[in-house]
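Reading through the structure tokens given below for one structure.
Residue numbers (this note's numbering): 26 to 241.
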């Protein structure tokens with residue numbers, strides 16, 4: 026995927042400009058940059074980016090508050106956290122607020138650009154250690170009071186198979202290769218499953234699958 030509309034929010038000018046330059050050189054369109062959270066929400070509502078690359082620590086409000094504001098103003102926006110902190114609570118707070126992915130700033134440029142592409146496609150993006158942390162939290166939540174799953178919509182065998190691989194954290198490309206399907210066919214199965222389950226994105230779908238033990 027090329028030509029993703031991206032907004033970069035970070036309070037360090039040199040870092041912000043460097044990220045914006047890398048994105049531009051990779052063929053993406055940087056529609057805005059900002060160093061403050063409240064300003065970022067206002068600007069994002071005007072320029073309507075596909076993806077917001079967001080730092081966790083900002084001078085006026087927290088990154089988590091910015092995520093909430095962004096999601097309220099632009100429900101379809103995807104947020105990729107790019108932070109120096111890999112603290113478990115920071116990651117979980119960001120995901121619970123609606124972040125699609127979380128990457129630490131020590132990530133390689135190629136890893137970052139791939140994360141932007143996957144975030145734009147609606148795929149949850151985490152480094153392996155953080156992915157395990159998020160899955161573990163979902164399992165913990167799923168271990169709460171039972172019930173509520175009795176009337177789950179009926180999925181086809183193939184949809185269930187795709188859902189199981191989504192829960193394991195595989196990308197659409199990896200799922201397609203594993204099952205011998207085209208990338209578009211996998212996307213169609215995911216979209217059909219989202220519709221049946223009345224979910225909105227792959228992050229919610231992953232949580233649904235984990236709650237039902239499909240990631241084992």
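Virtual Cβ for every residue (Gly too), placed ideally from N, Cα, C. All values reported here derive from a predicted model rather than from experimental measurement.
| Item | Value |
| --- | --- |
| Bridge partners - residue 57, DSSP secondary structure assignment | 32 |
| Contact the segment 79-91 vs the segment 104-117: 3+ CB pairs below 8 Å | yes |
| Residue 68 to residue 57 span [Cα, whole Å] | 8 Å |
| Enclosing alpha helix (DSSP H) for residue 115 [first to last residue] | 113-122 |
| Burial state of residue 141 (16 or more Cβ within 10 Å) | buried |
| As assigned by DSSP and simplified to three states, the class of residue 194 | coil |
| Exposure of residue 209, with buried meaning 16 or more beta-carbon neighbours within 10 Å | exposed |
| Cβ shell of residue 145 (< 7 Å), same chain only, five flanking positions each side left out | 26, 29, 75, 76, 103 |
| Per DSSP, the bridge partner or partners of residue 126 | 105, 150 |
| Residue environment, residue 225, which counts as buried when at least 16 other CB atoms sit within 10 Å | exposed |
| Cβ separation of residue 86 and residue 62, assumed to be a contact under 8 Å, to the nearest whole Å | 4 Å |
| Residue 54 burial status per 10 Å Cβ neighbour count (16 or more: buried) | exposed |
| Exposure of residue 149, with buried meaning 16 or more beta-carbon neighbours within 10 Å | buried |
| Beta carbon of residue 92 nearer than 8 Å to that of residue 122 | yes |
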